[in-house]
Ligand code: NA
Ligand code: NA
């Protein structure tokens, strides 16, 4: 049993505990320890990614209890990919936060690290109920982070976010209960086995449960019509938090990808491909809604928040194609959009801090102090986000477009995606030209100077777009292999045969 | 189980049930809050005490030891009932709940 | 390496150009010239190969999975364009050196210009369609930045955005088209695509592919109805306009059509789409150019018109027409670039571009005037200049079209008419600017000749116009042949490049155009009056209005849907969950499983009735909030009883302890809130909500019924079997919590800890005004800490602690455990706070709750991590029985340490949360310590 | 001496020890050791919550008092039952009882006793701890109630507490 | 005999509980409701004990203890809310 | 028995959902609590209903399914943490907006007879 698997969970947990203790220590100490934690986490996820590249499944059985009885972590390519994407994003968000954003409360770093812990559990766990627990860990931390920073702007969006997710959690439990009540198990691999054997009236129970679970994941992923909590919540969050939240909707996507390929995959008997016929049209509508929202945005951060919804729609549309190519393309897109949207949130914050009361509003304002640098970052970010060449977003979109096979689905996907891109380009160019170029005379008395941490953090996240382009070959090879692994549910099921330490058997 | 134990248990149960019921009847039908306060404070507490005792006798006569937790609960209830009554009465006086016309010496009228 | 070098050098130059800013404009201009010079030198050795119809392809693997390779191709066609890009680019660099003012952002300018050049070279040299598309979109992007170079000018920003929208959008269509072609051919390599022309044209996707590709080409080349962006792109600095609109940007569309000519051309669809678009553009551009008072506006519309001409030629589908198209590409590039530069000089020297004010410049700048007049004559199609030659070929081809019936007349008439307009606006350019009386109110007066070197690029281009015009075969013959050969797949028709082809119909058309044009110009007043009757449409304003309209529509739609109403969002969530499960639930119906129903005992029935009544009452009476709380307590109590009734003592205990803390919490909050909920929703809304909630309840009832009566087996037998031997405890629920699924519990206490920390930080610095009384006219009592309660509460703490220990220790084997014990301790402490107040209690608690939480989490984690030392996985428990003297045999389990962590976390978290809220209370600050003594 | 050994409240420690023995499954070496540990540890932790030592002078009076109260509770319940089940509306009254006891614990014990015994509930203790407000369920003679309480309960308590 | 007595007692306790619920819903004042809730808690303890005797199991006793403790605290808290507003201050 | 239990869950969920859809934070929180009661009972009952068979080894002849019980325990605790958070969040909402409307604003009063107003002495 490879103990590296718990590293992404234990590192932030221990780091978070330390932060709880040192809440009243000097901020420099807290920052140092927090950054060390995040760096260690990043290192561990790199190790896991390397490990996962051999296409095997690694199992970590908590308490040395054989699956399906105990809780297991399962490392495969998908898990590793999600971990790495998260850790990279988190590192830069964290770096950004030590500029000033973490000063609002003494618990910021603890909440930040616990948030990462929850995310990492979600990506690694092989147990449906433990996935619920992971969701709760990451949600409660996200609630805290969302409310971080005082002021009144975040209260109502935060309240909506929390209440809806509480209702979502209830729904999650109902779904898990329905599935357990028929299958009598919680381990995902075991569920894959048992769900395929369900017959009779039980089919309806599991079907209803599975569909409700899809709604839960759709809520997390912010799919129409469950996406309206997102724009205001994200737009009002503190910058590094909003940036970190770029991964939050992807957790929902991840869960859909995991559960509906493994448990309700192609070989799930009467329940095969459950919900997939809903996914594709809803994804396209979500994408369209996101585009409309982005076009109508009045603030940069709102625009970027809608970009999150565009991403969700795009991702699910690609996944909804149901093919390995589609999944691979979605994963490639996921990497790109997570980092870029995160970077854009940071850039928007830097912009807002240089424009006085205009903040990030898409309105005329006095000229920014670091206009050139910020405008270049914004330009690169929006090019990457809108999917224009030559940055990574284009390649991601290209993969998605290519993944469609001729037919009605392709026509819809291409149409919505391309028209969506077109409108997005208009939205970004409009926003950018107004914010950066349409200046009035005068100047803001006290604009915030750019410091090294925030410059590096925002610059790097946006710059990752170039890295993705340079490494597009290896990355797409990785996502191809990930998609292939994901669509081979039978291989996953073999984890049930993993021997325990000391030959402990069921 | 000895017959004595059985009788004891049965009697205690019935006594407990009776007082519990009487306490509740008092709560339900007495005319104002302060009069209603008497039923639960005394009768119900005693009733549950009796039921507890029957449980103690029941399990100890089966050789399962003395039910300390039952005794603990009973003692606890006897200790807390007056305090509950006290603070509820204070709250009621504070709010100025209605009393029956016959009540004399209402302190909040003064 | 030649071709990658040619493409990449400009980008490298773009990166380094800004470094030369400090060294001055000349230095940076020289630096910026280097890439082009190297590129020209690098291309020179390949000339002979290409002239012979050879092709140079250099391929590098890049992203095979995407079908993208870095493969470049140099043939006659790409050479023709590459030379235009490089040479005119060089001239532009020189010109811009003098055009830009020292204080302007010269570094940015040259950097963008070089980027643009690189992107254009990428387009023309790509041998992979997707690679080409990347460069294609890159030109849109860079042109956006170039057009908006003067970012402070609103027109510049708008023009840039419009250009980006149109050309970038067209690029997206092109992307789709290319992907379709790739799907048909199975490759994006140009070699494969060009070789598969028949396959493509026969494919059912061909109409879509062609339409999409043409959309890309037409938008880029400013074809009707996408022409409108081009004139507004003139907001760019003149070197940019000269470059983008003569040799590069707009020619990309033409290049694309030429490039894909063998693959896509030759069908009816191609003919109709391309030639009619070209015709419309040709005529429209020429007509509008006539009426533009802006010097650059005239040139821009003329560009539109000439692009229409080239497109029309390509659309004709004949080989000769294609040759003519290529020829006109060269000619147009030369005369248009020089005209733009001249216009820039005039603008530069007079401070305006308004032809109504610019008059009689001949007197002030005769040299520039001469150059401009030659170039304009070429544009008009005056013999002995290059424009004449290609236009002649165009007239000839327009007569060759086999359109049915009367339609056959259409092309020559359109061509002639456009020729007339072209002569007219060229005449206007010459007459109205250089003659026509005296200048009117020039911002800079008197104008001078520009710096000497600024005119050199113009001179070179004008010289080229004349050379080609007089010696076409010698000057451009080989290049044109090579390009035609590449375009037509080696199948070059017979043609002659000569100044005169004899006295034929095309020449007649030329004459007609020439004199017609002059006549028209002489009668311009009437035409102007005629034209003035139509309202001038400012496309930029229209575009801006459309976008603004769209934006505000989008904003309104978004605001209407995303209206910030939690009630709506929650309703959507509930309804979504019901909608997706509707079909299975309808199929399920009232399903009673094989196990059937078991009998109901009446006490349970009564309890259930109480629960249901109180739950419904909570919903019905919720507006009286305190009452709702009391009812909620009853519900919680009966739920706990249900757990007892159905064999779950641990759950009952947990439920009971959690419930009281929840109720206290709710009351703490209720203190600051209205004690009544106002009636806000309409009856209709309430009825809707009742229907939704009844549906939800019915669904849950059906599900539960079906489930409970369904036979069942689970993995739990394993837990029952292994709880004692493997986990060392007989309370299986507890062993699951601390051992089998200890990881869930770790997550659970983490949630608790995070919640408390989050609450703590959220409440920091929160200002809440407490109500002065309970809302029914009673001020709060001053008696905060009743004596009886205080006296009772204090001895209860040690007793409660002992009970906690008892519950904790037995938990592994009997109902209880760390969580319940923790809540008992917490509640006992809460009682102290209630009875004796915040300050009094806090004084007696020697630790910070943060640290309790931290220690709790640490215990749980360390207990779990202990097994790592023995290379067992995290949370592997171990237990043993130890016999000590006096104490006797007792069980020691690592799970106990874990449970201790749970215990501490629960205490820390619960109290941190409650105390944080309590601290808000103004009393806790006002009341002195003696109050609680 | 006890407090120097770490038993600041010996009675509490003793109570805890005894209760622990009862809670445990029979008295064993383990339960004695653990009970002793708890009897030491818990008062240590909760020491701050006992600011004053209860001023017991004669604690041996307590069992007799408790027995009397217990018997009175039973009779009280019967009395109240009769009152409750009787159809007539009760003649309630609030009675201000002048306290002679001074120690808050003593007052609490008296008030609790009153609440548990016939026909009376302690409704309030005045801020100065001098007056106890009593609600009598059914009485005609307030002074008789006061005298009865004083004789039956306050006197023994006065003897117990200084 | 125990069984008969048990059934009668259960019946009486249940009726008592119903009467308490009646008072709880009827009110009319908040203290009445809290008092009814408090009494209902005590009834619930009795029911748990009776269930224990019925099932001859002592596994549920501690639940009764918890109702007693938690019920008291919640009564105290509610009463304090009614007269003081802030429960913890 | 099963029908009764199912009805209880249905009523809890229905009441909770109705309150969840109200416009003020307080009823919403109460609604969420009711829903979680229903959900906990439901999750608990996925192990089916059994009398006197608590999963304490040696204390009964047969044992009910312990796993759902453990899950519900976890769910109760998590639900508690979440409720606490949302309660405090609604406090903050009250503090920020001086009102407890879930959307942080006071919508126009509904003009209809206040017949549902509960009268209070
Ligand atoms: Na003029
Ligand atoms: Na273990």
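Protein chains in written order, with UniProt numbering: chain A, 1 to 506; chain B, 1 to 110; chain C, 1 to 933; chain D, 1 to 162; chain E, 1 to 89; chain F, 1 to 121.
Quick reminder that beta carbons are idealized off the backbone N, C-alpha and C, glycines included.
For a cutoff of 9 angstroms on Cβ pairs, would you count residue 87 (chain E) as touching chain B? Reading the fifth chain from its first residue, position 87 is the one you call residue 87 (chain E). It does not; no Cβ of chain B falls within 9 angstroms.
Sequence-distant residues of its chain with Cβ nearer than 7 angstroms to residue 377 (chain A) (five each side left out): Here the question's residue 377 (chain A) lines up with position 377 in the first chain. Closer than 7 angstroms at Cβ, skipping near neighbours: 347, 458, 459, 462.
Straight-line gap, residue 516 (chain C) to residue 457 (chain C) (C-alpha atoms, nearest Å): The residue labelled residue 516 (chain C) in the question sits at position 516 within the third chain. The residue labelled residue 457 (chain C) in the question sits at position 457 within the third chain. Going from the Cα of residue 516 (chain C) to the Cα of residue 457 (chain C) covers about 32 angstroms.
Exposed unless 16 or more other CB atoms sit within 10 angstroms - verdict on residue 89 (chain E): Position 89 of the fifth chain, counted from the first residue, corresponds to residue 89 (chain E). The residue is buried, with at least 16 neighbouring Cβ atoms inside 10 Å.
Which two residues bound the contiguous alpha helix (DSSP H) that contains residue 569 (chain C)? The sequence position of residue 569 (chain C) within the third chain is 569, counting from 1. That run of the alpha helix (DSSP H) goes 566 to 588.
Please confirm whether residue 109 (chain F) has its beta-carbon closer than 9 angstroms to some beta-carbon of chain A. Stepping through the sixth chain from its first residue, residue 109 (chain F) is reached at position 109. Note on residue 109 (chain F): pLDDT 48, under 50, position unreliable in the model; the coordinate value appears next. With 9 angstroms as the cut-off, residue 109 (chain F) does not count as an interface residue toward chain A.
Given 8 angstroms as the limit, is there contact between the stretch 891 to 902 of chain C and the stretch 855 to 875 of chain C, that is, 3 or more CB pairs closer than that? yes
Let me know the secondary structure DSSP gives residue 120 (chain D) once reduced to three states. Walking along the fourth chain from the start, residue 120 (chain D) turns up at place 120. Residue 120 (chain D): strand per DSSP, three-state reduction.
DSSP three-state assignment for residue 574 (chain A), whether helix, strand or coil: Absent from the model: residue 574 (chain A). The displayed extent of chain A is 1 to 506, so no value can be given.
Does the stretch 739 to 755 of chain C come within contact of the stretch 66 to 73 of chain A, defined as at least 3 CB pairs closer than 8 angstroms? yes
What does the alpha-carbon distance come out to for the pair residue 945 (chain C) and residue 394 (chain A)? The shown model of chain C, from 1 to 933, leaves out residue 945 (chain C), and the question about it has no answer.
Tell me the rounded alpha-carbon separation between residue 374 (chain C) and residue 303 (chain C). In the third chain, counting from the first residue as 1, residue 374 (chain C) sits at position 374. In the third chain, counting from the first residue as 1, residue 303 (chain C) sits at position 303. Each residue's Cα considered, the two are about 17 angstroms apart.
Taking Cβ positions only, does residue 135 (chain D) come closer than 9 angstroms to chain B? As a position in the fourth chain, residue 135 (chain D) is number 135, starting the count at 1. It does; some Cβ of chain B falls within 9 angstroms.
Please give me, in chain order, every unbroken run of the alpha helix (DSSP H) with length at least 4 that falls completely inside the stretch 41 to 109 of chain C. 47 to 51, 76 to 99
Just to confirm the assignment: which complete alpha helix (DSSP H) runs, minimum length 4, are found wholly within the stretch 28 to 73 of chain E? 30 to 55
Starting from residue 59 (chain A), trace the beta strand (DSSP E) in both directions and tell me its first and last residue. Position 59 of the first chain, counted from the start, is the residue given in the question as residue 59 (chain A). Here the beta strand (DSSP E) through residue 59 (chain A) covers 58 to 61.
Of all the options C:807, C:767, C:14, which has the alpha carbon lying nearest to the alpha carbon of residue 916 (chain C)? Looking up residue 916 (chain C) in the third chain gives position 916. Closest option to residue 916 (chain C), Cα to Cα, is C:767.
With burial defined as no fewer than 16 other Cβ atoms inside 10 Å of the residue's Cβ, what is the status of residue 494 (chain A): buried or exposed? As a position in the first chain, residue 494 (chain A) is number 494, starting the count at 1. Exposed.
Is the stretch 4 to 15 of chain C close to the stretch 108 to 122 of chain C, with three or more CB pairs under 8 angstroms? yes
Nearest to residue 669 (chain C) by CA position, among F:84, F:58, F:23, is which residue? By 1-based counting over the third chain, the position of residue 669 (chain C) is 669. Nearest C-alpha to residue 669 (chain C): F:84.
Using a C-beta cutoff of 9 angstroms, does residue 160 (chain A) count as contacting chain F? To locate residue 160 (chain A), count along the first chain from 1; it is residue 160. For residue 160 (chain A), the answer is yes, since a Cβ of chain F falls inside 9 angstroms of its Cβ.
Residue 891 (chain C): which of C:748, C:847, C:810, C:912 sits nearest, CA to CA? If you number the third chain from 1, residue 891 (chain C) lands on position 891. Out of C:748, C:847, C:810, C:912, C:810 has the C-alpha closest to the C-alpha of residue 891 (chain C).
From C:667, C:879, C:786, C:711, pick the residue whose C-alpha is nearest to that of residue 921 (chain C); which is it? As a working mapping, residue 921 (chain C) is identified with position 921 in the third chain. Minimum Cα distance to residue 921 (chain C) is reached at C:667.
Can you find a heavy atom of ligand 4 that lies under 8 angstroms from the Cβ of residue 264 (chain A)? Summarising the ligand content, the structure contains ligand 1 and ligand 2 and does not contain ligand 4.
Please confirm if residue 806 (chain C) has its CB atom under 9 angstroms from at least one CB of chain D. Residue 806 (chain C) sits at position 806 when you count from the first residue of the third chain. Cβ-Cβ to chain D under 9 angstroms: yes for residue 806 (chain C).
Which one of A:77, A:437, A:233 has the shortest CA to CA distance from residue 144 (chain A)? In the first chain, the residue the question calls residue 144 (chain A) occupies position 144. The candidate whose alpha carbon is nearest that of residue 144 (chain A) is A:233.
Give every residue of the same chain whose Cβ lies closer than 6 angstroms to the Cβ of residue 237 (chain A), excluding the five residues on either side of it in the sequence, and list them in chain order. In the first chain, residue 237 (chain A) corresponds to position 237, counting from 1. For residue 237 (chain A), where only same-chain residues beyond five positions count, the Cβ hits under 6 angstroms are 146.
Per-residue DSSP class, three states only, for residue 101 (chain F): Stepping through the sixth chain from its first residue, residue 101 (chain F) is reached at position 101. Strand at residue 101 (chain F).
Report the three-state DSSP secondary structure of residue 229 (chain A) (helix, strand or coil). Position 229 of the first chain, counting from 1, holds the residue named residue 229 (chain A). Reduced to three states, the DSSP call for residue 229 (chain A) is coil.
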